[in-house]
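Data first, discussion second: the structure below is written as structure tokens.
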Amino acid sequence: MGLRWFHYVLWGGLISGMFLLPQVVSNGTLRTMIFANYLAIFAISWDVLSGRTGYVSFGHPFLIGIGAYTTAILTKRFDVPVEISIPVAVVVTMIAGLLVLLPALRIRGSYFALVTLAFMELLYQLVQVIRPDLTGGTRGMSGIQTLTRGAANGYYLSTALMLSVAVSMWLLMKTRIGTALAAIGMNEESVRGSGLSTTRLKAFAFLTSALIAGLGGAFYVHYLGSLAPRALFDINFLFTIIVAALLGGTSTIIGPMIGAFFMTFLLEYLRPVLPGAERYFVYGAIALLLYMYQPKGLVELAQRGFQRLRKGGLA
Amino acid sequence: MLQILIQGLLLSGLYALIAMGFTLIFSIGRVLNLAYGAYLMVGGYMYFWVSQTLGMPKLMGVAVAALLGVLMGVLKYRLIVKTLKGDHVAVEISTLILAVVIQAGIVLVFGDSSKILLPIVPGVINVAGASVTYNILIATLISWAILLGLYAFVRLTHTGRAMQAVSMDAKGAAISGIDPDRINLITWGISGALGALGGVFFASYTQLSPSMWVAPLIISVAVVIVGGIGSIIGTLVVAHIVGFLEVIVVATLAPELRGVFTMLLIIGVLVTRPQGLFGREEL
């Protein structure tokens, strides 16, 4: 798989750094980092599908919402223990991913994005009307069992989850499957021409993405303890996920992570200066400019800067 | 029954006007302008600001909204779509980001709470037991007039025929001496004006709020997808399908389900007939 010594050093450094962090920073910062962790999970999930294969999904809140709602309904309404409800939620999300996949096998480009967007809006409207005694209707649910108490524990759990997702996806992308997925993004026809089944590869990417989304959504709702349809199936939520992945840099693992942390902390630091929705104005403007002029994101910018420094040092 | 018919006709006329600007862009540039809903929102708010906050004449408000729509369309073509050189996915993502930015800008200027527009033309008329406000009646009549005018413009004028040519084949049009860039610019301007005008009427039909752009965008998407790419007649027909579907669902099932069938229609048609019900036509 081409693992080199510096890979171990960098991942080891990141993992130990993140787990030592609670000794240094305040609880408030930790709570922000928990949100950044979950956003990173969602952004990685989006990137596995859309960043690699080029099939842009506007429906990721659909997958995350299904994971979140399944485990919330199971634990709250049917008293199912969390150990069972979270795996069930992940499986249900993957089945829902298959539902999105069926049309996706026929259509691509703009139309695929629209189908996923339509699925998200469909679920948003249905969840409020169908069986409101289960879903909590428009107001959603509160008092859902939480897994951890205190900022530090929540941080450890979310960090462990995020890092294990990141490392396993990074390893997966190092394999031949990862290479093939990235190749689909460049030219689907030539991948098919090389004798690979693009249908199977796309199905794999979808299911992986749905798995991560369901896992993230389920743990997220057990951290928050509440959920509401407008908070989940929302274009702003979709925007946050996509922009986190794009800002950091798609088709990388570290990119969505950096993007998620950058985004969460920027929004947090803007809070005293600009309370309310104005932060999205500044944030969106930055995201739009960066996307227009450097679609590959912060990772690419950093790499270029690094190369320039090295060249400058030699000359 | 008669009430459903009247309500359906009125709503569908409005939807046809809203969807038309979106259709034009999709037909000429093959790009989905996901910030289209934001045009409607800005148009509605602009009308509100000019006519209700400043107290200027209502026609002035409509004119300012339409002009701002043209400006937004032209700017967006110049600054975003042309820079991205027709990369469709990139245009969609950046217009989605732009829509969120505009939404945040609206909150910044006008605040979070929703606002009620005074009717553009006050008064109510009774038609067969159904009370119809003059406001929506006028909106429907105006949107029919605009649609007919647009149809004539596209069919009869030189610029309109150049638009048809570009939508069929941009390279071929360029060889025949048409400047596709200029035609694109004109189309984006017209689309912006249609969006802003539709927004004024849509806002007076519902209300002004910073999240009002999502519903008309979904409706436009549905009309374009189901009607086949960019035909004016297809747009008109499907706007009536969507409008009547909504009115019938609200009247017979439940008001909360009003959008569900629109979404099912989008998904169903995309999966079974990606070319749309009416096939591929040029304008």
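Protein chains in written order, with numbering that gives the first Met the number 0: chain A, 0 to 314; chain B, 0 to 282.
Cβ coordinates follow ideal geometry from the N, Cα and C atoms, glycine included.
Item, Value
"Give every residue of the same chain whose Cβ lies closer than 8 Å to the Cβ of Ile177 of chain B, excluding the five residues on either side of it in the sequence, and list them in chain order.", "Ala161, Ala164, Val165"
"Interface residues of chain B around Ile241 of chain A at Cβ under 7 Å?", "Ile92"
"Grab me the residues of Ser49 of chain A's own chain with a C-beta within less than 7 Å of its C-beta, minus the 5 sequence neighbours each way, in chain order.", "Val55, Ser56"
"Where do the ends of the beta strand (DSSP E) carrying Asn125 of chain B lie?", "123-126"
"Closer than 6 Å by C-beta to Gly184 of chain A: which residues in its own chain qualify, once you throw out the five before and the five after it? Chain order, please.", "Arg51, Thr52, Gly53"
"Would DSSP call Ser175 of chain B helix, strand or coil?", "coil"
"Does DSSP put Val81 of chain A in a helix, a strand or coil?", "helix"
"Mind checking who Thr132 of chain B pairs with in its DSSP beta bridge?", "B:Val123"
"Between the C-alpha atoms of Leu214 of chain A and Gly72 of chain B, what's the straight-line distance to the nearest angstrom?", "41 Å"
"Please check if any C-beta of chain B sits within less than 7 Å of the C-beta of Gly283 of chain A.", "yes"
"Report yes or no: do three or more beta-carbon pairs, one from the region 238-252 of chain B and one from the region 2-17 of chain B, lie closer than 8 Å?", "yes"
"Pick helix, strand or coil for Lys310 of chain A, following the three-state DSSP scheme.", "helix"
"Should Glu120 of chain A and Met45 of chain B be called a contact, given that it needs their Cβ atoms to be closer than 7 Å?", "no"
"What residue from A:Gly258, A:Arg76, A:Gln144, A:Gly224 has the CA that sits closest to Gly296 of chain A's CA?", "A:Gly258"
"Which first and last residues belong to the alpha helix (DSSP H) in which Glu277 of chain A is found?", "277-292"
"For Pro60 of chain A versus Phe236 of chain A, is the C-beta distance shorter than 7 Å?", "yes"
"Just the C-alpha distance for Phe260 of chain B and Asn32 of chain B, rounded to the nearest angstrom, thanks.", "23 Å"
"Met140 of chain A bridges to which residues according to DSSP?", "A:Leu226"
"With 16 other CB atoms within 10 Å as the buried threshold, where does Pro254 of chain B fall?", "exposed"
"Beta carbon of Pro255 of chain A: closer than 6 Å to some heavy atom of the ligand ATP?", "In the structure on display, the ligand ATP does not appear, and there are no ligands present to speak of."
"What's the C-alpha gap between Glu267 of chain A and Ser225 of chain A?", "21 Å"
"Going by the beta-carbon positions, is the gap between Ile143 of chain A and Ala71 of chain A smaller than 7 Å?", "yes"
"Between Ala209 of chain A and Ala250 of chain B, what straight-line distance do the alpha-carbon atoms span, to the nearest angstrom?", "37 Å"
"Roughly how many angstroms separate the alpha carbons of Arg138 of chain A and Phe232 of chain A, rounded to a whole number?", "13 Å"
"Which ranges does the beta strand (DSSP E) cover as unbroken runs of at least 3 residues, wholly within the region 32-120 of chain B, from first to last along the chain?", "none"
"Taking only the alpha-carbon atoms, compute the straight-line gap between Phe305 of chain A and Gly254 of chain A and give it to the nearest angstrom.", "16 Å"
"Using the beta-carbon of each residue, which ones in chain A are nearer than 9 Å to Glu255 of chain B?", "Gln124, Gln127, Val128, Thr137"
"With a threshold of 7 Å between beta-carbons, can Ala314 of chain A be considered close to chain B, or not?", "With a pLDDT of 45 at Ala314 of chain A, under the threshold of 50, the modelled position of this residue cannot be trusted, and the question is left open."
"Sort out for me which residues DSSP pairs Leu207 of chain B with in a bridge.", "B:Lys114"
"Please confirm whether Val88 of chain B has its beta-carbon closer than 7 Å to some beta-carbon of chain A.", "yes"
"Please state whether DSSP places Ile141 of chain B in a helix, a strand or coil.", "helix"
"To which residues of the same chain is Gly188 of chain B closer than 7 Å at the C-beta, ignoring the five residues directly before and after it?", "Val69, Gly72, Val73"
"Which first and last residues belong to the alpha helix (DSSP H) in which Asn26 of chain A is found?", "26-45"
"Locate the alpha helix (DSSP H) running through Asp132 of chain A, then write down its first and last residues.", "131-134"
"Here's the rule I'm using: 16 or more other beta-carbon atoms within 10 Å means buried, otherwise exposed. How should Ile105 of chain B be labelled?", "buried"
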